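Protein chains: 2
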Amino acid sequence: MIKLELDRKKKGIWVREPADVTSLQNGFYGSMEHGNILLTPEEVLYVMDIRNGRCFDEAGNTYTFNDTALFFLKNKKLLARYLTYKDWRDKGLIARYAEEAEGCYGRTSLKKYKGGKLELDKFAIDGIFFEDDLLTIVDDEAAGKELYERYWLGQFGTYKAAHRGRISKLDIFETIFLVKQGKLHLKNAKLSAVESAANERIKYFEDMYAVYEDWRQRGYVVKTGFKFGTHFRIYFPGASPIKEGDEWMHSRHVIHVFSRKNKLLISEWARAIRVAHSVKKTFILGLPGKKGKIKVNPKRPRLDFLLYHRKKDGIETPKTGAPRYLMYSLTEDEYIGGEELARALEECKYFGLEMMMAISDRESSVTYYLITQISLPGSDYDYYEIEWTQP
Amino acid sequence: MIKLELDRKKKGIWVREPADVTSLQNGFYGSMEHGNILLTPEEVLYVMDIRNGRCFDEAGNTYTFNDTALFFLKNKKLLARYLTYKDWRDKGLIARYAEEAEGCYGRTSLKKYKGGKLELDKFAIDGIFFEDDLLTIVDDEAAGKELYERYWLGQFGTYKAAHRGRISKLDIFETIFLVKQGKLHLKNAKLSAVESAANERIKYFEDMYAVYEDWRQRGYVVKTGFKFGTHFRIYFPGASPIKEGDEWMHSRHVIHVFSRKNKLLISEWARAIRVAHSVKKTFILGLPGKKGKIKVNPKRPRLDFLLYHRKKDGIETPKTGAPRYLMYSLTEDEYIGGEELARALEECKYFGLEMMMAISDRESSVTYYLITQISLPGSDYDYYEIEWTQP
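Have a look at this one:
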């Protein structure tokens, strides 16, 4: 048994028995003051839940887990924090409050993506825009075929059977892109009408289009990600829709656009990442829009825990190593906003640590997503790879 | 070449050349009038796109695909209908207008689910509700363990390691269910406060809870579907969280709740079905709420096409067989409402045909979902199995 002592005057829960102090000190729990250890709320709950801790007050009254938790009931997302803290600790790894982070740990990596530039030849094609379906049809067979084969713009003929049929279908992103480039003339609609039809139907369309254009202009091929549960899938510059040998070109990356104005339920957000994972694609999160200057307050971080991970011959500790990640503690029923996430990621950059998103579901099972920044030469936007991981 | 003749007076596009008439008649296109064939808009587009059709008016002017399509531009979801019609035809199968459906074809099947009844013994337990995390903690070790082991209510100890830890966590559905049953007393919150916290956070919570309670009361175990991208996963009556031999019990069904008041983007809807498919679970759609009397107007169906499928020795045709499905033609950027879907499904029941949802993505690739009704004895709600299929 570990004896926890509630000190109402000093407002805190202390460990004072020498054997307990040594044991908790070796495990990197709490902070030492004059030979005693002061525990954080999550540490208190963990010691009571898992390490046979018992809590008493000065008068010798005992407090159950819930009696003790009631003291912290006003703490924001107490259980989200406790359950993700617990899971990390249960893996034999060390977690400390993010407030202890100091300076830049230089432990982030940057995924480098190839830059490029789309060069469109001079051409002019006509099309009809179908507002109700957000599609444009080009019925000039030769022009539609060339557009498809050279730039992979539109779908000529039939999907995966381009020889079948004579028309080409341009999706709403391709339509606007080509009209803006002065290559496509719509016989029955103006650009502004197409854009307002798109804005009316598709939420955060402007942000979706910004991401589409950003990658297209760098030479990437950007097509619907419908089959993979995301907004777009991409192919690297130079990709072609024409079968090489017996093989179709496969995309390896999907992009999900997260508008800074949007708020997403964590379970919906996780669902998109899951589909990408199940089809073995790399999931890219796009946060379009120019970054405002985000101020990081190192004394009051938004993130929850400083995570120490493993090293070759054991685990990292505050004594012998440096933290590896910052944990963002969440539950499946919470919401996350685009702007909020952008700010949290800025904080990670400040401390030179990668973000480990930890989601505790309704059964207290924790799922982890590791977030790594992407460098896409020439782009003003923020992109991140998100990877489902088991730390 | 098939010659299509635009008749402005009779407002339609006709085929009159005898060889063309025979060919199209054999393929079950259009409707015969005095030896000529009148085509529907989708048939016209198909013949022009795929079967080398050319369109002319009385004066001998020629019309391209787009020129012709312009006549139908006001038709609702013209391309959604055309592209899904085309895909079905491209498979060598026959599709006709849903308006031709007559009477009840008796071709639906019903997935029968076991009925049951949850019997809870007399007990009373205490808990603390954590509003910010929508979880309840029970710290009476024996009571929490029994609740978990006997009814699989809550998560005792640690997920997949119940021996680790002493507390039990009840999710928001379990919390409300047990309070309503008079088995759980929350020391710090009233039922109404718990319900309003849930309503505030979770969209359509009342419908979500209705589905939860409906299956729980029939003896099913209902837990979070977070890992499978849906609202719930279920286990059949009698399921236990206790490992049998070396095997965990695996759920085979997930439930997604679609409120009649909700509207879902098709791509979001498809994403949920895709995750379930990728983890080999049966996807159940729940449409809670009492059904209003839905009137079906057989002359003006909501659904798009009457689909003839295959049979042992070939394909079904309007001559030799009966239709198998009703097609609901959609694109990935459309929305579908719960009430709208309920009405469309009612129409399928009326005609005795199953619904084949056909979704044309931005590249005109079509994905099919087959919807089959479930019978759950005692339930007032509508449930359907949705299966990704390649017809």
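Protein chains in written order, with my numbering: chain A, 1 to 391; chain B, 392 to 782. The beta carbon of each residue, even a glycine, is placed where N, CA and C say it ideally should be. Quick caveat: nothing in here was measured; it's all calculated off a predicted structure.
- Annotated three-state conformation of B/GLN416 is helix, per DSSP.
- Ranking B/TYR759, B/GLY418, B/PHE674 and B/TYR504 by CA distance to the CA of B/GLY620 puts B/PHE674 first.
- In chain order, ILE519 and ILE528 make up the part of chain B whose C-beta sits under 7 angstroms from the C-beta of A/ALA69.
- In chain order, GLN155, TYR159 and LYS169 make up the part of chain A whose C-beta sits under 7 angstroms from the C-beta of B/SER755.
- At a cut-off of 7 angstroms, the C-beta of B/ILE625 has no neighbouring C-beta in chain A.
- Residue environment: A/GLN390 is assigned as exposed (fewer than 16 neighbouring CB atoms within 10 Å of its CB, all protein chains considered).
- For A/PRO323, the number of other beta carbons within 10 angstroms of its own is at least 16, and it is reported as buried.
- For A/GLY12, the enclosing beta strand (DSSP E) has its first and last residue at 12-15.
- Going by DSSP, B/GLU540 is part of the alpha helix (DSSP H) stretching over 532-542.
- Residue ranges of uninterrupted beta strand (DSSP E) with 3 or more members, entirely inside the segment 49-84 of chain A and ordered along the chain, are 53-56.
- The DSSP-derived three-state label of B/LYS654 is strand.
- Counting only Cβ-Cβ distances below 9 angstroms, A/GLU149 has no contacts in chain B at all, with the closest Cβ about 15 angstroms away.
- With the rule of 3 Cβ pairs closer than 8 angstroms, the segment 453-465 of chain B does not count as touching the segment 684-692 of chain B.
- Considered as a whole, the segment 223-253 of chain A harbours 232-235 as its complete beta strand (DSSP E) runs of no fewer than 3 residues, in chain order.
- Residue pairing from DSSP places B/LYS502 in a beta bridge opposite B/ILE765.
- The segment 628-637 of chain B and the segment 532-551 of chain B touch, with no fewer than 3 CB-CB distances between them shorter than 8 angstroms.
- Shown in chain order are the members of the segment 427-457 of chain B whose Cβ falls below 7 angstroms from a Cβ of chain A: ASP440, ILE441, THR455, PHE456 and ASN457.
- If you look at B/THR711, you'll find it isn't in any alpha helix (DSSP H); DSSP assigns it neither H nor E.
- Here the alpha carbon of A/GLN25 sits roughly 10 angstroms from the alpha carbon of A/ASN36.
- Chain B places a beta carbon closer than 7 angstroms to that of A/ARG166, counting this residue as a contact.
- Taking 7 angstroms as the threshold, the shortest C-beta distance from A/LEU134 to chain B falls below it.
- Restricting attention to A/ILE273, A/PHE351, A/GLY165 and A/THR317, the CA atom closest to the CA of A/GLU387 is found in A/ILE273.
- Between the segment 592-612 of chain B and the segment 508-524 of chain B, the count of C-beta pairs closer than 8 angstroms reaches three or more; the two stretches touch.
- Closest by C-alpha distance to A/LEU184, out of A/LEU287, A/GLU354 and A/LEU147, is A/LEU147.
- Of all residues in the segment 620-654 of chain B, only GLY620 place a beta-carbon less than 7 angstroms from a beta-carbon of chain A.
- Listed along chain A is no residue with a C-beta nearer than 7 angstroms to that of B/THR475; the closest approach is about 11 angstroms.
- Taking C-alpha positions only, B/LYS536 is separated from B/SER559 by approximately 7 angstroms.
- The beta carbon of A/SER329 sits no closer than 7 angstroms to any beta carbon of chain B.
- Under the three-pair Cβ rule at 8 angstroms, the segment 723-737 of chain B counts as touching the segment 745-759 of chain B.
- In this structure the segment 760-780 of chain B does not touch the segment 689-705 of chain B; the number of beta carbon pairs closer than 8 angstroms is below three.
- Ranked by Cα distance from A/TYR384, the options A/LYS112, A/GLU5, A/LYS312 and A/GLU58 are led by A/LYS112.
- Contact note: A/ALA197 does not reach chain B at a C-beta cutoff of 7 angstroms; the least C-beta distance is about 10 angstroms.
- Nothing from the segment 282-305 of chain A brings a Cβ to less than 9 angstroms from some Cβ of chain B.
- Counting other Cβ atoms within 10 Å of its Cβ, A/ASN61 stays below 16 and is therefore classed as exposed.
- For A/GLU213, the enclosing alpha helix (DSSP H) has its first and last residue at 205-217.
- By the criterion of a C-beta distance shorter than 7 angstroms, A/GLU141 is surrounded in its chain by ARG166, once the five residues flanking it on both sides are discounted.
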